[in-house]
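This report concerns only the one structure given below.
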Amino acid sequence: MSSVSSLSLLLAAATPSPSPSETATTPAVPSLEDAQESATNAASWVEENWSTWLAIGLRVLLIVVIAAVLRVVVRRAITKLIDRMNRSVPGVEGTTLGGLLVNVERRRQRSQAIGSVLRSVASFLIMGTAALMVLATFEINLAPLLASAGVAGVAIGFGARNLVTDFLSGVFMILEDQYGVGDTVDAGVASGEVIEVGLRVTKLRGDNGEIWYVRNGEVKRIGNLSQGWATAGVDVTVRYDEDLDKVRRTLLEVGEAMSKEEPWNELLWGPIEVLGLDDVLLDSMIVRVSAKTMPGKALTVERELRWRIKKAFDAADIRIVGGVPALAADDTDADPTAGMAPPSAYASTTSPQSERATPIAPSGVPK
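Each residue of the sequence shown is one higher than the one before, starting from 7 at the first, in my numbering.
Laid out in structure tokens, this is it:
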């Protein structure tokens, strides 16, 4: 028994032990069963989720395609609508009135501004809705996102409130057609002819050629001198003894002749009327003449009307009174000495009046 145990100990001592470094660094080789199990689990996970992935991908793709197509369709519809509005009022060729009704540049800028605003709003609504639907497809909680966007929008709106005010004011000015290119306006802060209308800034050209850049948000009131019609008024001052019937008849003849000639027949939107006596002075009378004209052409009509009235009055021997009172027809040149006082008796030192007025000299003083 002892011999057998001794032999076992010798065999155990003779058997080489494994190296510790080799055992620590050599990885354990997975068995074939473990690899097969891992592949089976991966295939099962893909098989369980691929339908969900495919559904999400198809849904996102469908949302993007529908949004893009809808955006293109809406933008084209807006463009066609604006073009149809521009062609809805045909002008009469060769007439100033037709050119006024259809101001190409004015309508072009107005339609471009309106179309740009509508297209931008439509694109923002469509693409924003599509983005929210895509996020909802991925099961993302939109409440914190919308709250953050609301806070950011309030901060941006407060910081850029002037810009927002200018933009909104420009949109309403264009939509309401308060003024357009070619109009003469008085915006309070500046006045002149409108050369460009924008969503934020309006450009005006002043009387001296300067260009004013007026922010739309700063305009509190605006007077458009080119809308509707204008009034041309001329005051004719004649002598107090002129025949009023003759004056009225001459003025009506001037107005009738002017209204039948080019281009005044288009600039005048009504007959030239003699309103009557506007004032009666000691040496003159003021007769008021008025006419309704095309907007912005009142000054031109007034100048031509004064020119024709002066020529007609000269032909009819009707005198126009200016700033200095006129003399009557039978007046003669006045005597230049008529307003002078007669010579005084005190002017001569030898006259009795002068001697009596001379002080008495003291005694002892020679005269």
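Using N, Cα and C, we set each Cβ at its ideal position, and we do this for glycine too.
Just so you know, these numbers come straight off a predicted model, no measurement behind them.
May I ask you to report which of helix, strand or coil DSSP gives residue i?
i: Gly229; result: strand
i: Arg206; result: coil
i: Ile292; result: strand
i: Val240; result: strand
i: Ala119; result: helix
i: Arg77; result: helix
i: Glu279; result: strand
i: Arg65; result: helix
i: Arg245; result: strand
i: Asp320; result: helix
i: Val286; result: strand
i: Val95; result: A caution first: Val95 carries a pLDDT of 49, below 50, which makes its placement in the model unreliable, though a value can still be read off. In the structure shown, Val95 sits in coil (DSSP, three-state: anything other than H, G, I, E or B).
i: Glu2; result: Since the first and last residues shown for the chain are 7 and 373, residue 2 lies out of range.
i: Trp235; result: coil
i: Gly194; result: coil
i: Glu268; result: coil
Would residue i be called buried (16 or more neighbouring beta carbons within 10 Å of its own) or exposed?
i: Leu311; result: buried
i: Arg116; result: buried
i: Ile315; result: buried
i: Val57; result: At residue 57 the sequence reads Ser, which differs from the Val that was named. Result: exposed.
i: Arg167; result: exposed
i: Phe319; result: buried
i: Val195; result: exposed
i: Leu60; result: exposed
i: Trp270; result: buried
i: Arg113; result: buried
i: Gly100; result: Here Gly100 scores only 40 on pLDDT, less than 50, and its place in the model is too uncertain to base an answer on.
i: Asn147; result: exposed
i: Ala297; result: buried
i: Ser50; result: exposed
Look up residue i in the DSSP assignment and give the residues it is bridged to.
i: Arg211; result: Glu199, Ile217
i: Leu274; result: Thr299
i: Ile326; result: Val244
Over what stretch of residues does the alpha helix (DSSP H) that includes residue i continue unbroken?
i: Gly186; result: Looking at the DSSP string, Gly186 is not in any alpha helix (DSSP H), and its letter there is neither H nor E.
i: Lys252; result: 250-265
Would you verify that the beta carbon of residue i is, or is not, closer than 8 Å to some beta carbon of chain C?
i: Glu182; result: Protein chains in the displayed structure number just one, and chain C is not present.
Runs of alpha helix (DSSP H) lying entirely within the segment 128-171, each at least 4 residues, in chain order:
148-165
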